[in-house]
Amino acid sequence: MSNIKNAFKNGKAFIPFITCGDPDLETTAECVREAVKNGADLIELGIPFSDPTAEGPVIQGANIRALKGGVNTNKIFELVRELRKDGP
Amino acid sequence: MTNPNGRFGVHGGQYIPETLMNAVNELEEAYNFYKNDEGFNRELSTLFNEYAGRPSRLYYAEKMTKDLGGAKIYLKREDLNHTGAHKINNVLGQALLAKKMGKTRLIAETGAGQHGVATATAAALMGMECVVFMGEEDTKRQALNVYRMKLLGSDVIPVKTGTATLKDAVSEAMREWTSRISDTHYCLGSVMGPHPFPTIVRDFQSFQSVISKEIKSQILEKEGRLPDVVMACVGGGSNAIGTFYNFIEDKGVRLIGCEAAGRGIDTFETAATISTGKLGIFHGMKSYFCQDEFGQIAPVYSISAGLDYPGVGPEHAYLYDIGRAEYVAVTDDEAVNAFEYLARTEGIIPAIESAHAVAHAIKLAPTLDKDKIIVVTVSGRGDKDCAAIARYRGVEIYE
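The listed protein sequences correspond, in order, to chains S and U.
For the first sequence, the positions run 1 to 88 when this note's numbering is used.
For the second sequence, the positions run 1001 to 1399 when this note's numbering is used.
Shown next, in the form of structure tokens:
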């Protein structure tokens, strides 16, 4: 069974959303690890975009802070590769 | 030119949040029903003729022609329309369509304020509520248009996010539409955004395509033949696609779009999308966009608020790909010179957007023989720009 399917085995899943690189990737890694410790079944990582049309003001703000911190897709995939080493 | 999924070659499409799909589907269905409806077209044509003042003139610019000493120059006078620009063509069509769909509220984005003013005007005429989103930077550059919209009974919401210009106003209008679809129509101002907007705003018989429909019959009447070149400025590209549309199949007619180069295409302060952009996805469409290597949208710049947009309509991207239309970049300096030139030479003050097309005509005309014909669309009038041009020239004026 895939990890994603497995997360829904009890019907409902707790899926926190984290904007990558807000305000830096070290914080993102820490947030992911804390979320796992506190029972997250899946974690949705947001890739920041300069013009997030579908987001409200809170996520828009997170996107802007993240981009100011210099995050980009290469660094985010690198982070995910690192974090997956601790996962199932 | 467009296939059923709203594709122009690889461009166009519908890259939007799930929450907007119902709204664009509902719009497409209504448009497909009304586009060939005799009653709808009669009503729209009456609005065009009696209210907007169509057809607009095709004027032979004799002094300009003689001064430049080359091709014969005709100006398509969209600046003479009610509200002072081509924007009213699209807005009357969409507002009428929205009304038929039972919508009672229009929302719109605006850059220079011309589309906002046109939407506010149509809303006043048709008894609809209206809210216009405008980048805070643009509300300062175009304060007079903000007042005009309010005078017409609209709310104007300054958008502070991002670069506080046109792209941010589009994003905010899309967000607003997502949160309130039932009574609201998003009256998009250019041939951009998700399908069906690029197809609706251009249309094939009225909306913006009316510009080339009229040019064709007017030039045949005056010259007995088609022009050699038709040209227009391009931001999102609505007046340009309107100018091109009925000539696309006439392969002998060169189509030239004039983009805003800002301080130059070799600087970061530019809005020349086709000259400097790359393929991308933004505001619901695939097209060319000014962006960095990771796909983040670039903060573009032009003296013209109406051309200050990092993308271009998908049909233009396609016409460029297949080599049917040419796109050139015109700097702030060249546009301001053309603005002043047309005022002095022909007694016509063009919008600073339109001045980009005039600037290229000034370059092109002397290189062509005297028996060639150029048609330049003057998309809007320049009263709104006088204060900004005065500032550009270091002249202090008090409005």
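Beta carbons: idealized from backbone N, C-alpha and C, even for Gly.
Beta bridge pairing from DSSP links His1185 (chain U) with U:Leu1106. Cβ neighbours of Ile1362 (chain U) within its own chain (closer than 7 angstroms, five residues either side excluded): Leu1068, Ala1338 and Tyr1341.
For Gln1014 (chain U), the enclosing beta strand (DSSP E) begins and ends at His1011 to Tyr1015.
Taking a C-beta cut-off of 7 angstroms against chain U, the contacting residues of the region 70-85 of chain S are Asn72 and Thr73, listed in chain order.
In the DSSP annotation of this structure, the continuous segment of the beta strand (DSSP E) that includes Ser1287 (chain U) starts and ends at Gly1284 to Phe1289.
DSSP places Asp1155 (chain U) in the strand class (E or B) of the three-state scheme. Rounded to the nearest angstrom, the gap between the Cα atoms of Val1312 (chain U) and Arg1077 (chain U) is 23 angstroms. In chain order, Gln60 make up the part of chain S whose C-beta sits under 7 angstroms from the C-beta of Thr1161 (chain U).
Residues of the region 1245-1274 of chain U that bring their beta carbon within less than 7 angstroms of a beta carbon in chain S are absent altogether. Among the residues facing chain U, Phe17 (chain S) is not included, as its CB has no counterpart in that chain under 9 angstroms away. Look at the region 3-14 of chain S: it has no residue with a C-beta under 7 angstroms from a C-beta of chain U. Annotation: the continuous beta strand (DSSP E) that includes Phe1133 (chain U) extends over Glu1129 to Gly1135.
Within the same chain, Cβ atoms closer than 6 angstroms to the Cβ of Asp22 (chain S) are found at Ala62, Arg65 and Ala66, the five residues on either side in sequence being excluded. At a cut-off of 9 angstroms between beta carbons, Pro52 (chain S) contacts chain U.
With respect to the C-alpha of Met1285 (chain U), the residue from U:Phe1207, U:Thr1199 and U:Asp1228 having the closest C-alpha is U:Thr1199. Around the beta-carbon of Tyr1398 (chain U), fewer than 16 other beta-carbon atoms lie within 10 Å, marking it exposed. Within the same chain, Leu67 come within 7 angstroms of Ser50 (chain S) by CB-CB distance, once the 5 residues on both sides are set aside. Contact with chain U is absent for Gly39 (chain S), since none of that chain's Cβ atoms lies less than 9 angstroms from the residue's Cβ.
For the region 1188-1204 of chain U, the set of residues with a beta-carbon nearer than 9 angstroms to any beta-carbon of chain S is empty.
The Cβ neighbour count for Tyr1327 (chain U), taken over all protein chains shown within 10 Å, is at least 16; the residue is labelled buried.
In this structure Glu82 (chain S) is exposed. Its beta-carbon is surrounded by fewer than 16 other beta-carbon atoms within 10 angstroms.
Across the region 1287-1305 of chain U, CB contacts with chain S closer than 9 angstroms involve Gln1291, Asp1292, Glu1293, Phe1294, Gly1295, Gln1296, Ile1297, Ala1298 and Pro1299, in sequence order along the chain.
Going by DSSP, Phe1294 (chain U) is part of no beta strand (DSSP E) at all; its letter is neither H nor E. Ala1355 (chain U) counts as buried, since at least 16 other C-beta atoms from the protein chains shown sit within 10 angstroms of its C-beta. Gln1218 (chain U) and Arg1057 (chain U) have their C-alpha atoms spaced approximately 8 angstroms apart. Using a 10 angstroms sphere on the CB of Arg1141 (chain U), the tally of other CB atoms reaches 16 or more, which defines it as buried. Against Leu67 (chain S), the close residues of chain U are Gln1296, in the order they occur along the chain (beta-carbon pairs closer than 9 angstroms). Relative to Ala1085 (chain U), the option among U:Arg1054, U:Lys1035 and U:Ala1124 whose CA is nearest is U:Arg1054.
Boundaries around Val36 (chain S) are those of the alpha helix (DSSP H), Leu25 to Lys37, since no beta strand (DSSP E) includes it. If you ignore the 5 residues before and after Val1336 (chain U), its C-beta comes within less than 8 angstroms of the C-beta of Ile1303, Ile1352, Ala1355, Ile1389, Tyr1392 and Arg1393, all in its own chain and listed in chain order. The beta-carbon of Arg1175 (chain U) is placed less than 9 angstroms from the nearest beta-carbon of chain S. By the neighbour-count criterion, in which a residue is buried when 16 or more other Cβ atoms sit within 10 angstroms of its Cβ, Leu1047 (chain U) is buried. With respect to chain U, the C-beta atom of Gly56 (chain S) has a partner C-beta closer than 9 angstroms. Shortest Cα-Cα distance from Asp1292 (chain U) to any of S:Leu25, S:Glu78, S:Val71 and S:Val80 involves S:Val71. In the DSSP assignment, Arg1077 (chain U) falls within the unbroken beta strand (DSSP E) covering Lys1072 to Arg1077.
If you look at Leu45 (chain S), you'll find it in the beta strand (DSSP E) that goes Glu44 to Gly46.
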